[in-house]
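Trainee: For the sequence shown, position 409 matches number 409 in full-length UniProt numbering, and the numbering has no gaps at all. For glycine and all other residues, C-beta sits at the position ideal for the given N, C-alpha and C. Predicted model, so just to flag it, every value in this text is computed and none were measured. Please see the structure below; I have some questions.
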Amino acid sequence: MGSTGFSWKLADHPKLPKGKTVAVVVLDGWGEATPNEYNCIHKAETPCMDSLKKGAPERWRLVRAHGTAVGLPTEDDMGNSEVGHNALGAGRIFAQGAKLVDLALASGKIFEGEGFKYIKESFENGTLHLIGLLSDGGVHSRLDQLQLLLKGVSERGVKRVRVHILTDGRDVLDGSSVGFVETLENDLANLREKGVDARIASGGGRMNVTMDRYENDWNVVKRGWDAQVLGEAPYKFTNALEAVKKLRAEPKANDQYLPPFVIVDESGKPVGPIVDGDAVVTFNFRADRMTMIAKALEYENFDKFDRVRFPKIRYAGMLEYDGELKLPSHYLVSPPEIDRTSGEYLVYNGIRTFACSETVKFGHVTFFWNGNRSGYFNSELEEYVEIPSDSGITFNEQPLMKALQIAEKARDAILSGKFDQVRVNLPNGDMVGHTGDIEATVVACKAADAAVKV
1 MGSTGFSWKL
11 ADHPKLPKGK
21 TVAVVVLDGW
31 GEATPNEYNC
41 IHKAETPCMD
51 SLKKGAPERW
61 RLVRAHGTAV
71 GLPTEDDMGN
81 SEVGHNALGA
91 GRIFAQGAKL
101 VDLALASGKI
111 FEGEGFKYIK
121 ESFENGTLHL
131 IGLLSDGGVH
141 SRLDQLQLLL
151 KGVSERGVKR
161 VRVHILTDGR
171 DVLDGSSVGF
181 VETLENDLAN
191 LREKGVDARI
201 ASGGGRMNVT
211 MDRYENDWNV
221 VKRGWDAQVL
231 GEAPYKFTNA
241 LEAVKKLRAE
251 PKANDQYLPP
261 FVIVDESGKP
271 VGPIVDGDAV
281 VTFNFRADRM
291 TMIAKALEYE
301 NFDKFDRVRF
311 PKIRYAGMLE
321 YDGELKLPSH
331 YLVSPPEIDR
341 TSGEYLVYNG
351 IRTFACSETV
361 KFGHVTFFWN
371 GNRSGYFNSE
381 LEEYVEIPSD
391 SGITFNEQPL
401 MKALQIAEKA
411 RDAILSGKFD
421 QVRVNLPNGD
431 MVGHTGDIEA
441 TVVACKAADA
451 AVKV
């Protein structure tokens, strides 16, 4: 027993046989709900999962994956892959980013920390830029948090604010972007009445602009950089509401994939590119889709795309997005401190592990599973394999994704006899389900089931 009151030593499992590899298979987006015409798991043929449930009903357990059960503020908060993998990997519940930000805003401590003091030095002569997901979905960001942030900075001397919006339609209903923009425009108009020059400066859909993850497609980040920093985009409008409405009117348009746009004044000049002397805050609290833009904003030596110019700014994240990389170096709220993860226990006990998924979920079975840590705990005992995801498509166009390849890698790892635990993430249900394409999601669920059978 250590000085902190716990032991790293693992006890033998009372039922699992020794010498057998344990497989941990996460079917992302999979769950149980009322069977109906919109329940794609129910509509799909899933013989493998059905047989597992019927063959050993005493071992079939349902667990809650939302709300306070996974560290979110309230029972109304929808679960997500990040908090789910944090909980699975740690075996315990930690207050998550959304809750930590809520507490910091409610107490006012967010405006007292070193991160806020750092950006506040730009308030006198520069512009404060806020970049993030305009949504009340509670998965990556929340509109009410943005509103409180705007209120707080206006009370603390900011003179000029530009908001760079990313439309959702993934964690909330497609089409809801119009209402969110209307609400934000009203909030900014109220700030202007109080003497703060506050406007929306640019925008685009979250899956098309800025919010890529795991370095799947740097072009997504570049489109955001061009609009937010350079003030360049294929579409220009004089107000954001007009932009969203007109772009949504295009064939097959949806909130997730809106093209980048910039807001210009009457002379056609962008109203808010990021320039020397400005401050920038990325206000998403979830890490995975902010890490890439954080690197572009912070790293002087950067080679993922041509930034054209690298403005001298003061940048802070809502939270620290990567504890290992210390990225960003300044942040408004300290992230959850997740310790004693299962990965640490396994390494301490000499247990060999293998983790695999495709790019879009690779970080979930590694980074999030390991308590928001990058890399290995012990490279001699762990092996991580990433299968490149398809890029440049929406996942309903390729609902099979890489499920079969992931399953084959896991099977080979088990048969090799080299590993005591093999864990994988099959992303199909989640990634295809988010497109809202029911028939494609049915195919995705079939593919995930077939992969489990492998």
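Who are the Cβ neighbours of Tyr321 in its own chain at under 6 Å, not counting the five residues just before and after it?
Mentor: By 1-based counting over the sequence shown, the position of residue 321 is 321. If we look at Tyr321 and ignore the five residues flanking it on each side, its Cβ neighbours are Ala287, Met290, Thr291, Ala294 and Leu327.
Trainee: In angstroms with no decimal places, state the Cα-to-Cα distance between residue 462 and Asp102.
Mentor: In the structure as shown, the chain starts at 1 and stops at 454, and residue 462 therefore has no counterpart that could be examined.
Trainee: Short of 8 Å in beta carbon distance, which residues of its chain neighbour Lys446, apart from the five on each side in sequence? Order them along the chain.
Mentor: The residue labelled residue 446 in the question sits at position 446 within the sequence shown. Excluding sequence neighbours, Lys446 sits near Ala44, Glu45 and Thr46.
Trainee: Count the CB pairs spanning the stretch 13–28 and the stretch 414–423 that are closer than 8 Å, and state whether there are at least three.
Mentor: Cβ pair count under 8 Å is three or more, so yes.
Trainee: Cutting at 8 Å between CB atoms, please list the residues of its own chain near Val196, excluding the five before and the five after it.
Mentor: Position 196 of the sequence shown, counting from 1, holds the residue named residue 196. Excluding residues within five positions, the ones whose Cβ falls inside 8 Å are Ser154, Val158, Lys159, Arg160 and Val161.
Trainee: To which residues of the same chain is Ser3 closer than 6 Å at the C-beta, ignoring the five residues directly before and after it?
Mentor: Here residue 3 refers to the residue found at position 3 of the sequence shown. In this predicted model, Ser3 has a pLDDT of only 43, less than 50, meaning its place in the structure is not dependable; the value taken from the coordinates is given anyway. Cβ within range, chain order: n/a, list empty.
Trainee: Quick check on Met1: buried or exposed, where buried means 16 or more other Cβ atoms within 10 Å of its Cβ?
Mentor: Taking the sequence shown and counting its residues from 1, the one referred to as residue 1 is at position 1. Low per-residue confidence applies at Met1: pLDDT is 39, beneath 50, and the placement is therefore not dependable, though the value from the model is reported in the following sentence. Met1 comes out exposed.
Trainee: Let me know the secondary structure DSSP gives Arg107 once reduced to three states.
Mentor: Here the question's residue 107 lines up with position 107 in the sequence shown. According to the sequence as given, residue 107 is Ser; it is not Arg. Ser107 falls in the helix class under three-state DSSP.
Trainee: Determine which residues share a DSSP beta bridge with Pro270 and list them.
Mentor: As a first step, residue 270 must be located in the sequence shown, where it is residue number 270. BP columns for Pro270 point to Val264.
Trainee: What are the uninterrupted segments assigned as alpha helix (DSSP H) that are 4 or more residues long and contained completely in the stretch 48–111, given in chain order?
Mentor: The qualifying runs are 81–90 and 97–107.
Trainee: What would DSSP say about Tyr118, mapped onto helix, strand or coil?
Mentor: Start at 1 with the first residue of the sequence shown, and residue 118 comes out as number 118. In this structure, Tyr118 counts as helix in the three-state DSSP scheme.
Trainee: Of the choices Ile313, Asn372, Thr282 and Ile351, whose alpha-carbon is the least far from that of Tyr331?
Mentor: Taking the sequence shown and counting its residues from 1, the one referred to as residue 331 is at position 331. Closest by alpha carbon: Thr282.
Trainee: Classify Met1 as helix, strand or coil using the three-state DSSP reduction.
Mentor: Counting from one through the sequence shown, the residue named residue 1 turns up at place 1. Annotation note: pLDDT 39 at Met1 (below 50); position unreliable, no value reported.
Trainee: Classify Asn428 as helix, strand or coil using the three-state DSSP reduction.
Mentor: For this step, residue 428 is matched to residue 428 along the sequence shown. Correct three-state label for Asn428: helix.
Trainee: Using the C-alpha atoms, what's the distance from Leu166 back to Gly224?
Mentor: Against the sequence shown, residue 224 aligns to sequence position 224. Against the sequence shown, residue 166 aligns to sequence position 166. C-alpha separation (whole angstroms): 9 Å.
Trainee: Pick helix, strand or coil for Ile351, following the three-state DSSP scheme.
Mentor: As a first step, residue 351 is located in the sequence shown; it is residue number 351 there, counting from the start. Note: Ile351 maps to coil in three-state DSSP.
Trainee: Just verifying my parser: in three-state terms, what is the DSSP assignment at His42?
Mentor: Numbered from 1 along the sequence shown, position 42 holds the residue referred to as residue 42. Three-state result, His42: helix.
Trainee: My guess is that Ala104 and Val333 are in contact by the Cβ rule of under 8 Å, so how many angstroms apart are they, rounded?
Mentor: Residue mapping note: residue 104 aligns to position 104 of the sequence shown, counting from 1. Residue mapping note: residue 333 aligns to position 333 of the sequence shown, counting from 1. The pair is a contact, with the Cβ atoms about 5 Å apart (cut-off 8 Å).
Trainee: Starting from the Cα of Val139, find the closest Cα among Lys236, His434 and Glu215 and give me that residue.
Mentor: Counting from 1 along the sequence shown, the entry for residue 139 is found at position 139. Comparing Cα positions, the closest option is His434.
Trainee: With DSSP run on the structure shown, which of helix, strand or coil describes Lys18?
Mentor: As a working mapping, residue 18 is identified with position 18 in the sequence shown. If DSSP states are grouped into helix, strand and coil, Lys18 belongs with coil.
Trainee: Would His129 be called buried (16 or more neighbouring beta carbons within 10 Å of its own) or exposed?
Mentor: Here residue 129 refers to the residue found at position 129 of the sequence shown. Counting Cβ neighbours within 10 Å, His129 comes out buried, since at least 16 surround it.
Trainee: If I follow the unbroken alpha helix (DSSP H) through Lys246, where does it start and stop?
Mentor: Locating residue 246 in the sequence shown gives position 246, where the first residue counts as 1. Ala240 to Arg248 is the extent of the alpha helix (DSSP H) around Lys246.
Trainee: Any idea what DSSP makes of Lys361, helix, strand or coil?
Mentor: Numbered from its first residue, the sequence shown carries residue 361 at position 361. Of the three classes helix, strand and coil, the one that applies to Lys361 here is helix, per DSSP.
Trainee: Give the DSSP bridge partners of Asp197, in chain order.
Mentor: By 1-based counting over the sequence shown, the position of residue 197 is 197. DSSP output for Asp197 lists Arg160 as bridge partner(s).
Trainee: Check for me: the alpha helix (DSSP H) holding Gly224 runs from which residue to which?
Mentor: By one-based count along the sequence shown, residue 224 stands at place 224. Counting along the chain, the alpha helix (DSSP H) containing Gly224 begins and ends at Trp218 to Gln228.
Trainee: Report yes or no: do the stretch 256–272 and the stretch 228–241 share at least 3 C-beta pairs separated by less than 8 Å?
Mentor: Yes: at least three Cβ pairs fall under 8 Å.
Trainee: Would you list the residues sitting across from Ala316 in a DSSP beta bridge?
Mentor: By 1-based counting over the sequence shown, the position of residue 316 is 316. Ala316 is bridged to Val281.
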